[in-house]
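Numbering follows the UniProt record's numbering, with no gaps: position 31 of the sequence shown is 31. Cβ atoms here follow ideal geometry from the backbone N, Cα and C, with glycine treated the same way. Please read all numbers here as calculations on a predicted model, not as lab measurements.
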Amino acid sequence: MKSLTNLREAIIVAHNRGKKQTEIADFLGISQGAVSKAIKRFEETGSNQDRPKGRPEKTARNSRNIMRAREMIQRNPTTKANVESLKKALTKAWNEITLDTLVKIVDNFPKRLKKCIDSNGGYFE
Numbered sequence: 001m002k003s004l005t006n007l008r009e010a011i012i013v014a015h016n017r018g019k020k021q022t023e024i025a026d027f028l029g030i031s032q033g034a035v036s037k038a039i040k041r042f043e044e045t046g047s048n049q050d051r052p053k054g055r056p057e058k059t060a061r062n063s064r065n066i067m068r069a070r071e072m073i074q075r076n077p078t079t080k081a082n083v084e085s086l087k088k089a090l091t092k093a094w095n096e097i098t099l100d101t102l103v104k105i106v107d108n109f110p111k112r113l114k115k116c117i118d119s120n121g122g123y124f125e
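Take a look at the structure:
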């Protein structure tokens with residue numbers, strides 16, 4: 001069996017030479033959907049390499065947000081880790097989000113939703 005990386009590379013080379021997706025699929029003995037997916041992946045990422053295995057890092061709990069939380073605690077070490085202080089800190093952080101940032105998030109949502117649907121709920125960037 002051919003390696004997927006080599007197969008994707010062959011698809012991209014044929015595509016760049018002007019071959020139609022159906023021609024590529026017939027020649028390589030694979031589905032037209034697989035050809036389409038390989039081309040789309042290459043156009044989005046610029047690579048035909050395998051994607052990282054495992055779950056993607058969740059956006060709410062990434063290293064940047066963890067570091068920000070630690071910095072907030074260090075700036076105010078007397079703050080008790082209780083529900084009320086957490087509620088106040090979250091409310092303050094929420095209120096610091098600019099309208100421009102919220103507009104960008106809302107405007108970007110349809111694109112992210114489409115990528116999620118296209119990847120069948122799998123990994124996407």
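Pick from the options that is closest to residue i, judged by C-alpha positions
i, options, result
"Val35", "Ser63, Gly54, Asn6 and Leu86", "Asn6"
"Ala89", "Ile39, Val106, Arg68 and Phe109", "Arg68"
"Arg17", "Arg61, Ile39 and Leu102", "Ile39"
"Asp50", "Leu4, Lys111, Val106 and Ile66", "Leu4"
"Gly33", "Met72, Phe124 and Ser119", "Ser119"
Residue i: first and last residue of the uninterrupted alpha helix (DSSP H) it sits in
i, result
"Asn95", "Val83 to Asn95"
"Arg112", "Leu99 to Asp118"
"Ser63", "Ser63 to Arg75"
"Glu125", "From DSSP, Glu125 is part of no alpha helix (DSSP H); its letter is neither H nor E."
"Ala60", "No alpha helix (DSSP H) holds Ala60; DSSP gives it neither H nor E."
"Asp26", "Gln21 to Leu28"
Through-space distance from residue j to residue i, alpha-carbon basis
i, j, result
"Ala25", "Ser31", "6 angstroms"
"Glu44", "Lys115", "11 angstroms"
"Trp94", "Phe27", "55 angstroms"
"Val106", "Lys53", "29 angstroms"
"Asn108", "Gly122", "18 angstroms"
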